[in-house]
Amino acid sequence: MTPPQPQPTDSVHSLPPRSGAKLTPVLRPGHPFSGPELSAMVSDGILNRILLDAHVPVGTPLTRVSKLHVLRAVIPAHLQRRGVLGRLGAAWFYDCAEVPEPLPILVAKDARTTTTLPRGFSLHQTAFNPFDRVVHEDLAVTSPLRTAVDVALHVPGSEGTGALHWLMASPHLHCPPELVLAALEAVGKKPGRRQALARVRKVGRAVERGYEATGR
6 MTPPQPQPTD
16 SVHSLPPRSG
26 AKLTPVLRPG
36 HPFSGPELSA
46 MVSDGILNRI
56 LLDAHVPVGT
66 PLTRVSKLHV
76 LRAVIPAHLQ
86 RRGVLGRLGA
96 AWFYDCAEVP
106 EPLPILVAKD
116 ARTTTTLPRG
126 FSLHQTAFNP
136 FDRVVHEDLA
146 VTSPLRTAVD
156 VALHVPGSEG
166 TGALHWLMAS
176 PHLHCPPELV
186 LAALEAVGKK
196 PGRRQALARV
206 RKVGRAVERG
216 YEATGR
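Letter 112 of the sequence shown, counting from 1, is numbered 117 in this note's numbering, and no numbers are missing.
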């Protein structure tokens with residue numbers, strides 16, 4: 006899978022407050038149309054399915070703001086309060102990957118996980134450093150650097166490699182290959198770390214070749 010070209014117009018820290026952002030109409034089964042009705046509107050070219058069971062009108066720009074509206078519609082309130090969108094979910098938010106299913110939600114290692122997990126989500130317990138989370142209004146997403154580290158460690162195959170490439174190649178995300186390598190080195194002993202380091206070095210060389218080809 007080749008992820009979409011990142012869009013540098015949306016800076017990591019440039020989202021407007023909710024009060025000033027135009028709300029994206031998000032339609033889900035029962036709100037107010039049924040699932041079959043929504044599917045029919047997708048077939049008729051009226052709606053696009055964006056994430057899980059969330060749909061938006063065709064022609065809606067898929068910006069970070071509109072993605073936030075979709076995420077708020079599909080992520081249950083208790084996971085919005087306690088969880089952090091991570092891995093390929095965060096890479097999608099930063100325009101560096103396709104929509105993942107299931108949607109990965111990270112929670113702190115010491116958090117209770119007895120709550121029933123809704124269909125379409127995966128839950129992963131992890132440790133967070135102070136700068137690993139970025140709060141976009143009231144929704145937490147792993148920082149681009151933490152996202153790149155997690156993708157290198159936990160997302161195998163071309164899907165992860167493509168996301169890792171765009172995360173490291175996007176200047177507005179501020180996580181070039183050397184910074185991702187340093188962050189992985191700081192992780193310490195962890196299963197898969199050696200393979201992740203080799204992967205970042207390999208993808209990083211491709212990123213550097215791209216910089217040279219474009220004169221950046």
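Glycine is no exception: its CB is placed at the ideal position from the N, C-alpha and C atoms.
The model shown is predicted, which means the values in this text are computed figures rather than measured ones.
Element boundaries [beta strand (DSSP E), containing residue i]
{"i": "H60", "result": "A59 to P62"}
{"i": "L128", "result": "F126 to T131"}
Strand pairing of residue i, partner residues [DSSP]
{"i": "N53", "result": "V61"}
{"i": "L144", "result": "H141"}
{"i": "R33", "result": "H36"}
{"i": "A113", "result": "T131"}
{"i": "L90", "result": "I110 and V146"}
Counted within 10 angstroms of its Cβ, other Cβ atoms place residue i as buried (16 or more) or exposed
{"i": "K114", "result": "exposed"}
{"i": "H18", "result": "For H18, the predicted model reports a pLDDT of 36, less than 50, meaning its position is unreliable; a value from the coordinates is still stated below. It is exposed - the Cβ of H18 has fewer than 16 other Cβ atoms within 10 Å."}
{"i": "A96", "result": "buried"}
{"i": "K207", "result": "exposed"}
{"i": "G165", "result": "buried"}
{"i": "R210", "result": "exposed"}
{"i": "S71", "result": "buried"}
{"i": "L168", "result": "According to the sequence shown, residue 168 is Ala rather than Leu. With 16 or more Cβ atoms within 10 Å of its Cβ, A168 is classed as buried."}
{"i": "T152", "result": "buried"}
{"i": "P41", "result": "exposed"}
{"i": "G162", "result": "exposed"}
{"i": "F136", "result": "exposed"}
{"i": "T121", "result": "exposed"}
{"i": "H74", "result": "buried"}
{"i": "A116", "result": "exposed"}
{"i": "A45", "result": "exposed"}
{"i": "S124", "result": "According to the sequence as given, residue 124 is Arg; it is not Ser. Exposed is the call here."}
The alpha helix (DSSP H) enclosing residue i, as first and last residue numbers
{"i": "T29", "result": "No alpha helix (DSSP H) contains T29, which DSSP labels as neither H nor E."}
{"i": "P149", "result": "P149 to H159"}
{"i": "H74", "result": "R69 to V79"}
{"i": "E190", "result": "P182 to V192"}
{"i": "L169", "result": "G162 to A174"}
Any C-beta of chain C under 8 angstroms from that of residue i
{"i": "S39", "result": "The displayed structure is made up of one protein chain only, and chain C is not part of it."}
Distance between beta carbons of residue j and residue i, contact taken as under 8 angstroms
{"i": "L57", "j": "L108", "result": "7 angstroms"}
{"i": "V31", "j": "A78", "result": "4 angstroms"}
{"i": "V212", "j": "H170", "result": "6 angstroms"}
{"i": "L202", "j": "L178", "result": "About 20 angstroms; that fails the 8 angstroms criterion."}
{"i": "V154", "j": "A188", "result": "5 angstroms"}
| Are at least three pairs of beta-carbons, each pair with one atom in the region 168-177 and one in the region 136-148, less than 8 angstroms apart? | With a cut-off of 8 angstroms, the region 136-148 and the region 168-177 do not count as touching, because too few Cβ pairs lie within range.
| said: Three Cβ pairs or more, each shorter than 8 angstroms: is that satisfied between the region 41-50 and the region 92-103? | reply: The region 41-50, when compared against the region 92-103, does not touch it at the 8 angstroms Cβ threshold.
| query | Taking contact to mean at least 3 C-beta pairs separated by less than 8 angstroms, is the region 195-205 in contact with the region 151-165? | reply | yes
| query | Do three or more CB pairs link the region 60-73 to the region 120-128 at distances below 8 angstroms? | reply | no
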